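Visitor: What follows is a single structure, and I will ask about it in a moment.
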Amino acid sequence: MQKLADQQAAFAAALIDPALPAPPGVRRQAKLPQSRRFDVYRNNMMASLIEAMEATFPAVRRLVGSDFFKAAAKTYIRREPPRSPVLLTYGETFGSFLDDFAPAKGVPYLGDVARLEWARLDAYHAADVEPLPIARLAAVHESELESTKLRLHPSLRLLRSRFPLASLWAASNGTAPSAEVNMQCGEAVAVLRPALAVDVRLLPPGGYEFISQLAAGETLGEAADRAVQSNVGFDLATHLQGLFELGAVVAIDTPRRELQKA
Amino acid sequence: MAVSAAIPARAGVGLKAQHYDAVLGERPDVGWFEVHAENYMGAGGPPHHYLAAIRRDYPLSLHGVGLSIGADGPLDEAHLARFRTLVERYEPGLVSEHLAWSTHNGVFFNDLLPVAYTAEAVARVSEHIDRIQEVLGRRILLENPSTYVAFENSEMSELDFLRTVVLRTGCGLLLDVNNVLVSATNQGYGADDYIDGFPLDSVGEIHLGGHARDRDDAGDSLLIDAHDRAVNDKVWALYARTIARGGAKPSLIEWDNDVPAWRMLFAEMRTADRLMSTQAALRRDRLEAGSEAERAKAG
């Protein structure tokens, strides 16, 4: 008699590989090599996962068209099926899959657009924390500013692209469909959900370096130094204001407070 | 939590994100809501924001789709821990899962896959339910599946399988009436007989949903549990048959795909409520008629 383990192994293998016949041990009509009965399970799996990916990657889908997207998603799902029953953030690796997906090589920025859309999804489900207003920074003494650290919002995601990512995204999600996109110009973006809605913001020069240093736990002084190296015109006050306005700061750790904690 | 957790014996609605605003804006007279647990397993964000707001005003039922109770492999303990966190946070009145498997070797298939009805599977499913009930610290309801294939090595009927698991684990049952019609049609047995044999005393909840029609390779009718349309008349008739015998039970309208406007779902829910009060009145009449006949016999 067939053991449960063997039966489920055969069933699972046939689900993921459409070239395989329906698994042995199923009854009557379901036994036919291309059984429509067994195919219900194959279709349920594929259709529901494709639908989830369509919801996550609307801009990618708009760029390549619905049929192309479905075919790409199908290949991706067979190659990298979900590894968790929580599908909320399925598709993390779709961007790198698209980078190497031969039929899409004429659209080299597709992977970056997918990474941006996944970052939006990830930010959507990230933990909730109330952002601090910039007024709180006024309490930090000027002499301590350099050695102060900022804790950033758990939903903050940074992306840098050799393509104009923010412009491409705006052009493909319907918010600025007719905007000119200069493909020669790379862009960096911050994705953030300070309250209920996810924001995608184009970062000014030096912004990516500045914020990623802060996110890595560096002090304001160190982060500003790094930003100046990549952009001599970097202005700390402007960038700090932008960061707070975005709702990206959730805590301010002055050296004194650090000391207290220690 | 402002409202009691207990799920009343009336109709409820499967809560969809499309209807958050309608529900919070109109505060409709709905007995309770049900959500898929896995949709609320993110750290934060709008899903929790809206669910917390809705839970303040309505009892909630948590319906899992990913615990893979029917799998031969072990339960995913990390997933079970996430489930417990959700139960602690939202204090649901009912918790339910499926007689099905969805994970094998770490791959999640996002579908409810069929189990062979063998003694080995009874043992495995019962172990898994014991563990889930131990971790969650409460009884769960197990849902009868909709199936498209059956297994040659099955040793018992689905009803016997469910009865045995209930005896072994003390779990309750979730009777999905649409699944009964889908499986009965696909496997060639009588849906009425199945309902008549179902252990209704163990049923803590009923599901009602829509199905699609197809044909299999032999041209025989094949029903698909699509949850993408209104409840079919045959399903309503089976539902009436169920509550005529078992009395009113928490009854959920499930509509997960091609989700309609809120008022359409609300209308379906009202239909279920009406059927429950009609059947309750008929039951009363029957009982009174019965006791009169008893008295007449005694006199």
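Heads up: the protein sequence lines correspond to chains A and B, in order. Quick note: to get the working numbering, add 39 to the position in the first sequence (first position is 1). Quick note: to get the working numbering, add 4 to the position in the second sequence (first position is 1). Idealized CB from N, CA, C, for every residue including glycine. For clarity, every value in this text was computed on a predicted model and none was experimentally measured.
(1) Mapping the DSSP letters down to three states, classify Ala244 (chain B) as helix, strand or coil.
(2) May I have the straight-line CA-CA distance separating Val228 (chain A) from Leu102 (chain A), to the nearest angstrom?
(3) What would DSSP say about Ile73 (chain B), mapped onto helix, strand or coil?
(4) For a contact defined as C-beta to C-beta under 7 Å, what are the partners of Val153 (chain B) on chain A?
(5) Using a Cβ-Cβ cut-off of less than 7 Å, list which residues of the stretch 180 to 195 of chain B approach chain A; keep chain order.
(6) Beta carbons nearer than 9 Å to chain A: which residues of the stretch 105 to 133 of chain B have them?
(7) By the DSSP assignment, the beta strand (DSSP E) with Gly208 (chain B) in it spans what residues?
(8) Who are the Cβ neighbours of Thr107 (chain B) in its own chain at under 8 Å, not counting the five residues just before and after it?
(9) Cys224 (chain A): buried (16+ other C-beta within 10 angstroms of its C-beta) or exposed?
(10) Which residue wins for smallest C-alpha separation from Arg14 (chain B), given the options B:Ser158, B:Phe202, B:Leu212, B:Pro51?
(11) Could you work out which residues of chain E lie near Asp25 (chain B), taking near to mean beta carbons separated by less than 7 Å?
(12) Would the stretch 146 to 166 of chain B and the stretch 157 to 170 of chain A be scored as touching if the rule is three or more Cβ pairs under 8 Å?
(13) Cutting at 8 Å between CB atoms, please list the residues of its own chain near Val220 (chain A), excluding the five before and the five after it.
(14) Report all residues from its chain with a CB closer than 7 Å to the CB of Val168 (chain A); omit the five preceding and five following residues, and keep chain order.
(15) Would you mind giving the Cβ-Cβ distance between Ile210 (chain B) and Val181 (chain B), rounded to the nearest angstrom? I have them listed as a contact below 8 Å.
(16) Are there 16 or more other CB atoms within 10 angstroms of the CB of Asp289 (chain B), so buried, or fewer, so exposed?
(17) Verify whether the separation of the beta carbon atoms of Gly286 (chain A) and Pro172 (chain A) is less than 7 Å.
(18) Only counting the same chain, and skipping five residues up and downstream in sequence, which positions put a Cβ closer than 6 Å to that of Asn54 (chain B)?
(19) Please confirm whether Ala41 (chain B) and Gly97 (chain B) have their CB atoms less than 7 Å apart.
(20) Count the CB pairs spanning the stretch 239 to 248 of chain B and the stretch 194 to 203 of chain B that are closer than 8 Å, and state whether there are at least three.
(21) How close, in whole Å, do the beta carbons of Asp139 (chain A) and Ser200 (chain A) come, if the pair is a contact with beta carbons under 8 Å?
(22) Taking contact to mean 3 or more Cβ pairs, one atom from each stretch, closer than 8 Å, check whether the stretch 20 to 36 of chain B and the stretch 257 to 275 of chain A are in contact.
(23) Does any CB atom of chain A fall closer than 7 Å to the CB of Val156 (chain B)?
(24) Rank B:Ala302, B:Thr282, B:Asn157 by C-alpha distance to the C-alpha of Pro62 (chain A) and give the top, closest one.
(25) Under a CB-based cut-off of 7 Å, is Tyr115 (chain A) close to chain B?
(26) So what does DSSP say about Val263 (chain B), is it helix, strand or coil?
(27) Report the three-state DSSP secondary structure of Thr20 (chain B) (helix, strand or coil).
(28) Assuming contact is defined by CB atoms lying nearer than 7 Å, are Phe249 (chain A) and Ala262 (chain A) in contact in what I supplied?
(29) So within the stretch 95 to 131 of chain A, which uninterrupted beta strand (DSSP E) runs reach at least 3 residues, ignoring any that extend past its ends?
(30) Give a yes or no on whether 7 Å exceeds the smallest Cβ distance from Leu102 (chain A) to chain B.
(31) Label His83 (chain B) either buried or exposed according to how many other C-beta atoms from any shown protein chain fall within 10 Å of its C-beta, with 16 as the threshold for buried.
(32) With respect to the beta strand (DSSP E) encompassing Ala229 (chain A), which residues constitute its N-terminal and C-terminal limits?
(33) Does any residue of chain A bring its CB to less than 7 Å from the CB of His83 (chain B)?
(34) Using the Cα positions of Asn190 (chain B) and Tyr152 (chain B), report the straight-line distance between them to the nearest angstrom.
Guide: Per the coordinate set shown:
(1) helix
(2) 19 Å
(3) coil
(4) Val65, Arg66, Ala69, Arg76, Phe77
(5) none
(6) Trp105, Ser106, Thr107, His108, Asn109, Gly110, Val111, Phe112, Phe113, Asn114, Asp115, Leu116, Leu117, Pro118, Val119, Ala120, Thr122, Glu124, Ala125, Arg128
(7) 207 to 213
(8) Gly70, Ser72, Ala75, Gly77, Asp80, Phe113
(9) exposed
(10) B:Leu212
(11) Within the model displayed, chain E is absent; protein chains A and B are what it includes.
(12) no
(13) Pro203, Ser206, Leu207, Ala210
(14) His192, Pro193, Val289
(15) 6 Å
(16) exposed
(17) no
(18) The sequence as given places Tyr at residue 54 (chain B); Asn does not occur at that position. Answer for Tyr54 (chain B): Tyr24, listed in chain order.
(19) no
(20) yes
(21) In fact, because the Cβ distance is near 17 Å, the residues do not count as touching under 8 Å.
(22) no
(23) Position check: residue 156 (chain B) holds Glu in this sequence, whereas Val was assumed. For Glu156 (chain B), the answer is yes, since a Cβ of chain A falls inside 7 Å of its Cβ.
(24) B:Asn157
(25) no
(26) coil
(27) Reading off the sequence shown, one finds Lys at residue 20 (chain B), where the question assumed Thr. Note: Lys20 (chain B) maps to coil in three-state DSSP.
(28) yes
(29) none
(30) no
(31) buried
(32) 226 to 231
(33) yes
(34) 6 Å
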